[in-house]
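Peer 1: Each residue of the sequence shown is one higher than the last, beginning at 1139 in my numbering.
Sharing a structure with you now.
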Amino acid sequence: MSHAVRGLEELDPAGKRVLCRVDFNVPFGDDGKITDDTRIRAALPTIERILTGGGRPVLMSHLGRPKGEVVANLRLSPVGMRLQELTGHPVRSLRESIGEEVEAAVAGAEPGTVTLLENVRFHAGETKGSPELAAAFARLGDVFVNDAFGTSHRDHASVCGVARLLPSFAGLLLERELAAFDRVLQDPARPLVAVLGGAKVSDKLPVIASLVERVDAILVGGGMAYTFLAAQGHSIGTSLVQHDQQDAVRANLARAEATGCRLLLPVDHVVGEAFAAETEARTVDEIPAGWMGLDIGPRTRELYGATIQSGRTVVWNGPMGVFEWESFRAGTEAVGRAVCDCEGYTVVGGGDSVAAIELFGWADEIDHVSTGGGASLELLEGKALPGIEALRARD
Ligand code: AMP
């Protein structure tokens, strides 16, 4: 990594077409309205910076998974309307993302206006990283800015391909995300505590394998905890389990012993007989046959809460239980509260833990709430993100 990533302070946007990859992959309700515009708001500082510097922003994003075809309800025009409300600048949403008409529209854009290209995933070449598609995008900008942290772990045409063709810069959101994860991963204030939850143990095992080498404590909760407990010989009833992952889990437990990392597992549970919101909830130490663990129990909440509070750096990814249902929310709520109350530096990443923090209304009490689930996990795993490496590659 010989080249540093250049930030916007090194870009004079005056008079330039600034092609900017953003992450406007926002959720929509059944009525076709945007239900959460956090990702649009997160891109505003970069857009404002380009506009006030006299540049012409040309924004590109994906939305959903149209798989290379035009899908009417995945057009970006509703996002354009929301963006116009938020910025107060005219936003022109185009119905294509490449081609002569798009090039003409971009060339004719008035200063002070924003151009939003159509969903880049309407072209199959986007997710394949097609060089031809990247070249077609690159014709729309004099320079490129990547502000799409949530997509930077993907080697896609509008993320990496364009960065290889134009002078490229990191946007303000991307810089903020990288700075937050640097603070966790490079010489953090200790103790460094990682809290990991969620359903799929196979997704998180590589992260745990990397974290046992560098954190002081890992607190495991959520559905993935039961594969660990099963590997230790505990009864787990009908809880979620990935039997094919048990050897990997044992290897992680052994490695934690060797490195002196405290790897904590739930010591009690809130269980239900069915995977359903209204199922009867009971608190138990050992899970009886026919019951499944759906949340961490009160003693675990206390243990995890105290460990989190003692941390000087805390990173949290993944809920402790099925927090979407009220009977199984207390574990995620207790961990969230402890992260908020911790006096150290706190980072929350991953779609579901961010959703939980927002459900409780506590986002303001966290030092950094990440906009990228997969991307933040890959950083915690110690991987380089292709979208960031592509920014480094150019002079
Ligand atoms: P992930 O996408 O792997 O981060 O998993 C997030 C999902 O895991 C959330 O929707 C939770 O409802 C679910 N989850 C958390 N704990 C459990 C559990 N004990 N059993 C089943 N699902 C769970």
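By construction, the Cβ of each residue, glycine as well, lies at the ideal position given by its N, Cα and C atoms.
Keep in mind that this is a model prediction, so the values were computed, not measured.
Flag Gly1488 as yes if its beta-carbon sits less than 8 Å from any beta-carbon of chain B, otherwise no.
Peer 2: Considering every chain present, this structure includes no chain B. It has just one protein chain.
Peer 1: Could you tell me the distance, in whole angstroms, from the CA atom of Ala1243 to the CA atom of Pro1326?
Peer 2: 47 Å
Peer 1: At what residue ranges does the segment 1243 to 1330 contain a whole run of the alpha helix (DSSP H), taking only runs of 4 or more?
Peer 2: The qualifying runs are 1263 to 1266, 1269 to 1276 and 1310 to 1323.
Peer 1: Compute the Euclidean distance between the alpha carbons of Phe1466 and Ile1185, then round it to the nearest angstrom.
Peer 2: 40 Å
Peer 1: Please classify Phe1413: is it buried, with 16 or more other beta-carbons within 10 angstroms of its beta-carbon, or exposed?
Peer 2: exposed
Peer 1: Look at the alpha carbon of Arg1230 and the alpha carbon of Pro1305, and state the distance between them as a whole number of angstroms.
Peer 2: 25 Å
Peer 1: Does the contact criterion of 3 or more C-beta pairs under 8 Å hold for the segment 1310 to 1319 versus the segment 1282 to 1290?
Peer 2: The segment 1310 to 1319 vs the segment 1282 to 1290: in contact.
Peer 1: Which residue marks the beginning of the alpha helix (DSSP H) containing Asp1385, and which one marks its end?
Peer 2: Gln1384 to Thr1397
Peer 1: How many angstroms separate the CA atom of Gly1191 from the CA atom of Ala1295?
Peer 2: 27 Å
Peer 1: In whole angstroms, what separates the C-alpha of Trp1429 from that of Leu1278?
Peer 2: 57 Å
Peer 1: Could you please give the first and the last residue of the uninterrupted beta strand (DSSP E) stretch that includes Gly1431?
Peer 2: Met1430 to Ile1434
Peer 1: Suppose the cutoff is 8 Å on Cβ atoms and the five residues either side in sequence are ignored; what does the same chain contact list for Leu1323 look like?
Peer 2: Arg1352, Leu1517, Leu1518 and Gly1520
Peer 1: Taking a contact to mean a Cβ-Cβ separation below 8 Å, would you say Leu1117 touches Leu1402 in this structure?
Peer 2: As displayed, the chain neither begins before 1139 nor continues past 1533, which places residue 1117 out of reach and without an answer.
Peer 1: What I want to know is whether the C-beta of Phe1282 ends up closer than 7 Å to one or more non-hydrogen atoms of the ligand AMP.
Peer 2: no
Peer 1: Within a Cβ cutoff of 8 Å, which residues of the same chain sit near Gln1383, ignoring the five residues on either side of it in sequence?
Peer 2: Val1339, Ser1340, Leu1343 and Thr1365
Peer 1: What number of angstroms, rounded off, separates the C-alpha of Gly1218 from the C-alpha of Val1209?
Peer 2: Linking Gly1218 to Val1209 through their CA atoms gives a straight-line distance of about 17 Å.
Peer 1: Between the C-alpha atoms of Arg1437 and Ala1394, what's the straight-line distance to the nearest angstrom?
Peer 2: 22 Å
Peer 1: Using the three-state DSSP reduction, which class does Ile1236 fall into: helix, strand or coil?
Peer 2: coil
Peer 1: Is it the case that the CB of Phe1275 approaches a heavy atom of the ligand AMP more closely than 7 Å?
Peer 2: No, the Cβ of Phe1275 stays beyond 7 Å of every heavy atom of the ligand AMP.
Peer 1: What is the rounded straight-line gap between the Cα of Gly1410 and the Cα of Ile1374?
Peer 2: 12 Å
Peer 1: Measure how close the beta-carbons of Ile1526 and Ser1290 come, nearest whole angstrom, since I'm counting them as under 8 Å.
Peer 2: 6 Å
Peer 1: Name the DSSP beta bridge partners of Thr1451, please?
Peer 2: Leu1330 and Tyr1483
Peer 1: Thinking just about the alpha-carbon of each residue, which of Gln1222, Glu1256 and Asp1320 is nearest to the one in His1200?
Peer 2: Measuring from the Cα of His1200, the nearest candidate turns out to be Glu1256.
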